[in-house]
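Here is the structure we will look at, set down as structure tokens.
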Amino acid sequence: LAIARSAHELSEAEAWARSAGARTRVMQTADAQEGPRAFAEKREPTWTGR
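Position one of the sequence shown corresponds to residue 4 (my numbering), numbered consecutively onward.
Right, here's the structure in full:
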């Protein structure tokens, strides 16, 4: 959310760089791994908020 709020103050390159860093952190969470795993196992995901 902080990236979106400050995007108007950043150059496009800076905004993409910050977004990439945030995306990397998000994709390392347990929930990010649970979603595709649950899909592959044809079950509802169990979200933990982590």
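In this text, a Cβ means the ideal position worked out from N, Cα and C, and glycines have one as well.
Reference ASP34, options ALA5, ARG46, GLY52, closest by Cα:
Residue nearest to ASP34 within the set ALA5, ARG46, GLY52 is GLY52 (criterion: CA-CA distance).
Is GLU37 closer than 8 Å to TRP50 when the C-beta atoms are compared?
A contact, by the Cβ cut-off of 8 Å.
Just the Cα atoms here: how many angstroms apart are PRO48 and GLU15?
Taken atom to atom, the span from the alpha-carbon of PRO48 to that of GLU15 is near 35 Å.
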